[in-house]
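Asks:
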Amino acid sequence: MKINSLLIANRGEIAIRVIQTAKLMGIETWVIKTSKEPNALYLGAADKIIDFSDHSEEIPEFLDIEKIIKAVKSNKIDAIHPGYGFLAESPVFAKRCEEEKIIFIGPSPEAILKMGNKTIAKQLAREHKVPLLEGSLGNVADASEAIKIANKIGYPVILKAASGGGGRGMRIVENEHELEKLFKMASSEAAKAFNDPSMFVEKYVRNPRHIEFQIFGDKHGNMIHLGERECSVQRKHQKLIEESPSAALDPDLREKMGKAAINIAKSVNYYSAGTVEFLLDSDKKFYFMEMNTRIQVEHPVTEKVTGLDLIELQIRVAQGEELPLKQKDVKIEGWAFEFRINAEDVQAGFSPSLGVIEKMSLPKSKNIRIDSGIQEGAVITPYYDSMIAKLIVYGESREKAIQYSAIALKKLWIKGLKTTIPFCKAVLNNSNFKKGIYDTSFLVKEMKIHYFEDKDAEMLAAYFATYDFARTLKEEEGKTVDFEKGKNMNPWILNKRLKSL
Amino acid sequence: MKDTNGKTSKDVLIACGEGKRNFEIVNPLDEIVKIKGKKVDIKIFEDPDGFSYLIYKNHKYQVDILEKNQNKYTIMVNGVWYYFSIETPISFKRRKYLSKSVNSSKIVKITAPMPGKILDILVEENSDVKQGEAVIILEAMKMQNEILAQISGKVKKVNIKTNDSVMKDDILIEIERS
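Here you go:
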């Protein structure tokens, strides 16, 4: 069935990203307005807005399944795109859409359910002879069972929430002594975040590379992969920089891993976009980690090197169309990086830096794409994640892409709060990163300082502070009367001066 | 932007950074300033978009006052921030004197690094903590953050309860240095 109207049950840059493609396909776009960000950029991008401003439930707007379904029905909207996060990987939501005859732009509820449960996902991988890490054959009842298994497979082990993702409900345990405390923490985190405290244990591979395959299936049994993305630049399992392809893979390994990814996806009759995550160890052995049943934050790097629009493919597949290309038609050309520009203080352990984006100046070039849900004046709130923008840079080769990225980062200026830009610059300056030799321990092991500092920056900062201080002193003393400066005058001084007239 | 009206004597200010990284700056409002005894030529300008720049040795640096409170400044240069307190030669001397004569306080306050919710308190009053040990789990921006003890000592006061919402810089726990 052709989709004529579409609700994006999401916010920020991904809402805008979906709207862009939907508009090109002649689809009417709808979004949800919340009281948390009534002036957000995505609202202006859509054709129609559903107002949830009066929402007073405990459950956040974008997680309120029945309210969203009701809004879609009453406005006669054909389909829902869930974006990433929120309800994107909720089998209940996908099922409710199915029951209400709303097209859910994503895989089947069964596929989400199976892959969302890491224990089932691992069993499927085992059945399809895809290599994976040893560990508990399912959830563990409590910390003491986890200790038993850990003692058997050897430390370090990793505790993971059965329904987890994005680094939440996940802890690395180095020895028996700290297992119980970390188990408690991870489990309570999982209970809060995913409503499911169940945990499993597996062997932890030290310093692996994080390689994930973008796969795509349709409802006619066709399945292809669109190559890999490397996401090894992470901090506490949060991805910071991604690239496609990966410097660690050669065509042979790519084919092997791609086939494994396709096999796993086929085991649940997968359709739509999906990502199969692997760990790759230093001997180039790979292990299945999990499958994400949604469009990923880092999908643009795949789009850049394949020339495909993944959102368009998702919509076509949801309409029941066959994939327009076969595996042999997939061509990976050039190299792409994605830099996550977050409002975080990289000089203070990446703590969130809340505040207002006073000014933003974005680089422009045919090699650069910026996906952002934020405009000047926007407030970074504690309600949502701290992403300001994704900077995506394409080059004909990895070297070129790095070179263009460095230029783009220099031209990306954000005023008003602290961002991860100096971190991204520091990574690009690292000689091992430049050579493509890095793994998930990169941040901890390779980077002594997590930000790039210009040689004379501290001296210039000292100068600027002193200059401002001296100027303020002088103004307060009233030695100068400068009417031009008055327009930038602080109200306190202005008031004082008016009184003295 | 700079003016040199009535400037006869020299104005000296000292920007004190973290860890005794001090910059003595002579005549900061002049065309040519002296920083740490060296003459340097820095130009300031603002573009119509509202960004401020410094030009130094033919390089352009984006500069911004992130925070300012009397003589305390947080300045960003190309996205990296620096903290300074600006002192006159007299206040600088007093500052030096004070830091020598007063013993560093025995009580260290642990404050919330960001607004959030207290998920768990891992210590109690009068319990001993080691430096680097997690004392509180604070949930903020959908992540659980461990708040660590900066020093070893005894917990003197716990100002919060589980499930409390806290603001940035709220004092959570006070530890007495051992």
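Top to bottom, those sequences are chains Y and R. For what it's worth, the working numbering labels the leading residue of the first sequence as 16, then goes sequentially. For what it's worth, the working numbering labels the leading residue of the second sequence as 248, then goes sequentially. Note that the Cβ used here is the ideal one computed from N, Cα and C, for glycine as well.
1) Within the continuous beta strand (DSSP E) that includes I436/Y, where are the two ends?
2) Starting from N166/Y and walking both ways along the alpha helix (DSSP H), at which residues does that stretch end?
3) How would you list, in chain order, the residues of chain Y whose beta-carbon sits under 7 Å from the beta-carbon of F339/R?
4) Taking just the CA atoms, how far does Q329/Y sit from G232/Y?
5) Identify the contact partners of K430/Y in chain R, using a Cβ-Cβ distance below 7 Å as the criterion.
6) For K274/Y and G236/Y, I'd like the C-alpha separation in whole angstroms.
7) What residue range does the beta strand (DSSP E) around H519/Y cover?
8) Locate the beta strand (DSSP E) running through A351/Y, then write down its first and last residues.
9) Is Y286/Y helix, strand or coil when you go by DSSP?
10) If we count the other Cβ atoms within 10 Å of its Cβ and call it buried at 16 or more, is A280/Y buried or exposed?
11) Using a Cβ-Cβ cut-off of 7 Å, state whether V376/R counts as contacting chain Y.
12) Can you say whether P339/Y is buried or exposed, counting buried as having 16 or more other CB atoms within 10 angstroms of its CB?
13) What residues are listed by DSSP as bridge partners for D288/R?
14) If you follow the alpha helix (DSSP H) that T487/Y is in, where does it begin and where does it stop?
15) Can you say whether D360/Y is buried or exposed, counting buried as having 16 or more other CB atoms within 10 angstroms of its CB?
16) Return helix, strand or coil for D519/Y, following the three-state DSSP convention.
17) Quick check: what's the CA-CA separation for I118/Y versus I31/Y?
18) Compare the C-alpha of K133/Y against each of N307/Y, I34/Y, E193/Y and W350/Y and name the closest.
19) Going by alpha carbons, who is nearest to G169/Y out of D157/Y, E149/Y, V316/Y and Q229/Y?
20) Taking its Cβ as the centre, do 16 or more other Cβ atoms sit within 10 Å of G501/Y, making it buried, or is it exposed?
21) Taking DSSP as the reference, what is the three-state secondary structure of V345/Y?
22) Going by DSSP, name the residue or residues bridged to E391/Y.
23) Identify which residue in D324/Y, H314/Y, K425/Y and T396/Y has its Cα closest to the Cα of F228/Y.
24) Flag L475/Y as yes if its beta-carbon sits less than 7 Å from any beta-carbon of chain R, otherwise no.
25) Name, in chain order, the residues that DSSP records as bridge partners for H143/Y.
26) Check each residue of the region 379-396 of chain R: if its Cβ is closer than 9 Å to any Cβ of chain Y, include it; give the result in chain order.
27) Starting from N447/Y and walking both ways along the alpha helix (DSSP H), at which residues does that stretch end?
28) With DSSP run on the structure shown, which of helix, strand or coil describes H225/Y?
29) DSSP three-state label for K17/Y, please.
30) With a threshold of 7 Å on Cβ separation, who are the neighbours of F298/R within its own chain once the five nearest residues in sequence on each side are excluded?
31) For S332/R versus N316/R, is the C-beta distance shorter than 7 Å?
32) Given I289/R, which residues of its chain have a CB within under 8 Å of its CB, disregarding the five upstream and five downstream residues?
33) In chain order, what are the residue ranges of uninterrupted beta strand (DSSP E) at least 3 long that sit wholly in the region 31-115 of chain Y?
34) To the nearest angstrom, how far is the alpha carbon of L395/R from that of E371/R?
35) Check F331/R in the structure and name its three-state DSSP category.
36) What does the alpha-carbon distance come out to for the pair K271/Y and F301/Y?
Replies: According to the data block:
1) Segment I436 to L443 is the alpha helix (DSSP H) holding I436/Y; no beta strand (DSSP E) there.
2) A158 to I168
3) Ordered by position in chain Y, no residue passes the 7 Å Cβ test against F339/R, which lies about 12 Å from the chain.
4) 9 Å
5) F298 and D311
6) 15 Å
7) Nothing about residue 519/Y can be read from this structure; chain Y reaches only from 16 to 516.
8) W350 to N357
9) coil
10) buried
11) no
12) exposed
13) I279/R
14) A472 to E492
15) buried
16) For residue 519/Y there is no data in the structure shown, the boundaries of chain Y being 16 and 516.
17) 20 Å
18) N307/Y
19) E149/Y
20) Model confidence at G501/Y stands at a pLDDT of 47, short of 50, so the residue's coordinates are unreliable; what they give is reported in the following sentence. Looking at its Cβ environment, which holds fewer than 16 other Cβ atoms inside 10 Å, G501/Y is exposed.
21) coil
22) In DSSP, E391/Y forms no bridge with anything.
23) H314/Y
24) yes
25) H143/Y is not bridged to any residue.
26) A381, I384, E386, A387, M388, K389, M390, Q391, N392 and E393
27) S446 to K450
28) strand
29) coil
30) Q309
31) no
32) V280, L301, I302 and Y303
33) 43-48, 63-66 and 94-96
34) 14 Å
35) strand
36) 10 Å
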